[in-house]
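These notes concern the structure reproduced below.
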Amino acid sequence: MQWKEEFSVGVDAFDQDHKILFDLVNQFEIAGTTGKSDEHIVAVLETLVDYTKTHFK
3 MQWKEEFSVG
13 VDAFDQDHKI
23 LFDLVNQFEI
33 AGTTGKSDEH
43 IVAVLETLVD
53 YTKTHFK
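Taken in order, the sequence shown gives residues 3 to 59; the numbers are from the working numbering.
In structure tokens, the structure reads:
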């Protein structure tokens with residue numbers, strides 16, 4: 003997934019969080035499709051879940 007300016011909500015802090023979420027989703031996809039170890043995939047997923055929880059607090 004690639005961030006596009008049309009996704010912007012106009013609030014810099016939110017937009018930055020959303021860009022980080024996009025990056026984490028991309029890292030998860032790459033980890034799952036390039037033969038990374040299960041441990042690496044789980045670590046990336048846990049990071050994504052933790053950041054998502056933080057974002058929606």
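Backbone N, C-alpha and C define an ideal beta-carbon position, used for all residues, glycine too.
The model shown is predicted, which means the values in this text are computed figures rather than measured ones.
- Message: Tell me which residues share the same chain as D52 and place their Cβ nearer than 8 Å to its Cβ, disregarding the 5 neighbours each side in the sequence.
- Response: none
- For T36, does the three-state DSSP call read helix, strand or coil? coil
- Task: Work out the CA separation of T35 and D25 for me, nearest whole Å.
- Result: 15 Å
- Taking C-beta to C-beta, are V46 and Q29 nearer than 8 Å? yes
- By Cβ distance, which residues of its chain are closer than 7 Å to V27, with the 5 residues on each side in sequence left out? Around V27: M3 and L50.
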